[in-house]
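J.: Residue numbers (numbering that gives the first Met the number 0), protein chains in the order written: chain A, 0 to 186; chain B, 0 to 186. Take a look at the following structure, please.
There are 2 protein chains.
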Amino acid sequence: MSASKRDELIQKALNIFYRDGFHATGMDKIVKETGISKTSMYKHFRTKDDLIIATLRLRDELFRNQIFRRVEELGKTPKDQLLALFDVLDEWINGVEFNGCMFIKASGEYPLHSSPIHATAAEHKKLFLGFMLDIATQAGAKNPNELAEQLLLLKEGAIVTAHIRGPEGVIAPARAAAALLIDAQID
Amino acid sequence: MSASKRDELIQKALNIFYRDGFHATGMDKIVKETGISKTSMYKHFRTKDDLIIATLRLRDELFRNQIFRRVEELGKTPKDQLLALFDVLDEWINGVEFNGCMFIKASGEYPLHSSPIHATAAEHKKLFLGFMLDIATQAGAKNPNELAEQLLLLKEGAIVTAHIRGPEGVIAPARAAAALLIDAQID
DNA sequence: ACATACATGTACCGATCAGTACATCTTAAC
DNA sequence: GTTAAGATGTACTGATCGGTACATGTATGT
């Protein structure tokens, strides 16, 4: 299977898993919706779980790159970027394809910490926290570890709440809370 | 089926769904682990989805009662109770049976807002927000709606993060953030 | 002993599941 | 034309899925 076919499979499978869930999506549905044959799929992925992990890794890469880029566009200084995260979240949760956090869903469906799928979701969160920590450090936060963690918790809470309830009335209080926390640590 | 048998089924099914997920749990597994026959199950629940909804409703009741009681035990004043929520969360996420939020999992596996299961999860969140709003109002918050929402977002973020990464280093920053937000609104 | 209510046990239905096997097709290079 | 690589299509395996049907067992009241 060519690399481009493999990438196409992962991208399309990602969209289906994100929309419908992991257990609720069988391999036959993926065949039907991607137009890629089952034989081809099993040429690149030993198991369905391996395909799921590949989709999570792609999602991690696309997601962090997108957020990083957007946050840099919207925020001129590191301090501004910390707050800009919530503007980026606002754009996302109000988008038509918003369906919550793929990693939260993955760890919900694969709850054991020993599961490679759960581990991949945990890895994403770790990387994202590192991303936040970098910016908080650059912004001169008094306790960048704490601030990064707090902003991450608000982010996760906002995403989950927007997914369950809908996006209304979620980002404004999150952003206000973030502003307060940021101002408490950064001049 | 007697009421007590029905309650037993719901309680046991709740534990299984919470531990293993909804789609990953078939009716035969529930039969095997509860010792209740399939015929009996279908005497009280038209469908598996109906059983899931019953487990979510029970979970909502037990959860809110438990949190409410514990928060009142740990916090003398409404202001203290707002912060005490995070101590209660700390107890929960460090417990051996902690497996994240059942409602977040449910809405993850049933993403459509039109799904009765998703709607039941959303209802729980709405009720919990109301619970927080009551305490914030009693505590004399300047903007109780905002404060309640912010504390809920921190709570959701803490739960989700503890489930994905493990409980370490989650509640301390959440609690510190909550303290700051509370002090900003309540003398 | 009999009737009734409650419950169990399990075979069965049609469908779907992950993964395998293999025949066949398409394209490209030589 | 031949070979090789990449891919499709689909039947198949054994298992599981939600839900139904029905025979059988148990407990209780009369």
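Glycine included, every Cβ here is placed at the ideal spot set by N, Cα and C. Since we're looking at a predicted model, the values are computed, not measured.
1) Closest by CA to F102(B), which one among R164(A), I29(A) and V30(A)?
2) Kindly indicate which three-state DSSP category L8(B) falls into: helix, strand or coil?
3) Can you check whether the C-beta of V169(A) is within less than 9 Å of a C-beta belonging to chain B?
4) Fully enclosed by the segment 23-75 of chain A, which alpha helix (DSSP H) runs are 4 residues long or longer?
5) In its own chain, which residues sit with a C-beta less than 7 Å from the C-beta of M131(B), not counting the 5 before and 5 after it?
6) When Cβ atoms are compared, which residues of the segment 86-99 of chain B fall closer than 7 Å to chain A?
7) Would you kindly work out how many angstroms separate the C-alpha atoms of K141(B) and F44(B), rounded to a whole number?
8) Any beta carbon from chain A within less than 9 Å of P110(B)'s own beta carbon?
9) On the DSSP letters alone, give me the boundaries of the alpha helix (DSSP H) that K141(A) sits inside.
10) Would you mind telling me which residues of chain A sit closer than 7 Å to V159(B), beta carbon to beta carbon, in chain order?
11) Does any CB atom of chain B fall closer than 9 Å to the CB of L8(A)?
12) Give me the Cα-Cα distance between V159(A) and H22(B), rounded to the nearest whole angstrom.
13) Can a CB atom of chain B be found closer than 9 Å to the CB of D19(A)?
14) Which of the three DSSP states, helix, strand or coil, is assigned to F97(A)?
15) According to the neighbour-count rule (16 or more other Cβ atoms, all chains shown, within 10 Å of its Cβ), is E108(A) buried or exposed?
16) For a contact defined as C-beta to C-beta under 9 Å, what are the partners of E145(A) on chain B?
17) Would you call the segment 60-72 of chain B in contact with the segment 14-29 of chain B, where contact means no fewer than 3 C-beta pairs closer than 8 Å?
18) I'd like to know whether the C-beta of I163(A) is nearer than 9 Å to at least one C-beta of chain B.
19) For I51(B) and G99(A), what's the separation of their Cα atoms in angstroms?
20) With three or more C-beta pairs closer than 8 Å as the rule, is the segment 165-179 of chain A touching the segment 118-138 of chain A?
21) If you reduce the DSSP assignment to three classes, tell me which class D186(B) lands in.
22) Looking at the unbroken alpha helix (DSSP H) that takes in L82(A), where does it start and where does it end?
23) Specify the secondary structure class of Y17(A) as computed by DSSP and reduced to three states.
24) Leaving out five residues on either side along the sequence, give the residues of the same chain with a beta carbon under 7 Å from the beta carbon of T33(B).
25) Whose C-alpha, out of R18(B), D133(B), I35(B) and N14(B), is nearest the C-alpha of R5(B)?
26) In angstroms with no decimal places, state the Cα-to-Cα distance between V169(A) and T38(A).
27) With a threshold of 9 Å between beta-carbons, can K11(A) be considered close to chain B, or not?
28) List, in chain order, every chain A residue whose beta-carbon is nearer than 8 Å to that of S106(B).
29) How many angstroms separate the CA atom of Q80(A) from the CA atom of A2(A)?
30) Taking S106(A) as the reference, which of D19(B), K154(B) and I15(B) has the closest Cα?
31) Between A161(A) and K42(A), what straight-line distance do the alpha-carbon atoms span, to the nearest angstrom?
32) Compare the C-beta of E72(B) against all C-beta atoms of chain A and say whether one is closer than 9 Å.
33) Just tell me which of A135(B), A53(B) and F97(B) has its CA closest to the CA of L111(A).
34) Rounded to the nearest angstrom, what separates A183(B) and M40(A) at their Cα positions?
35) Under 9 Å between the Cβ atoms of R58(B) and Y17(B)?
36) Sort F127(B), N144(B), G139(B) and E155(B) by Cα distance to I185(B) and report the nearest one.
T.: Taking the geometry as given:
1) R164(A)
2) helix
3) yes
4) 26-33, 37-43 and 47-73
5) A147, L150 and L151
6) N98 and G99
7) Computed Cα separation, rounded: 46 Å.
8) yes
9) Run containing K141(A): none; DSSP gives neither H nor E here.
10) I103, E155 and V159
11) no
12) 20 Å
13) yes
14) Note: F97(A) maps to coil in three-state DSSP.
15) In this structure E108(A) is buried. Its beta-carbon is surrounded by 16 or more other beta-carbon atoms within 10 angstroms.
16) A171, P172, A175 and A176
17) no
18) yes
19) Straight-line Cα distance between these residues: approximately 21 Å.
20) no
21) DSSP, reduced to helix, strand and coil, places D186(B) outside both helices and strands of the structure shown, so it counts as coil.
22) Start and end: P77 to I92.
23) helix
24) The answer, listed in chain order, is L8, K11 and A12.
25) I35(B)
26) 44 Å
27) no
28) Under the 8 Å cutoff, chain A gives G99, H162 and I163.
29) 35 Å
30) D19(B)
31) 38 Å
32) Cβ-Cβ to chain A under 9 Å: no for E72(B).
33) F97(B)
34) 55 Å
35) yes
36) G139(B)
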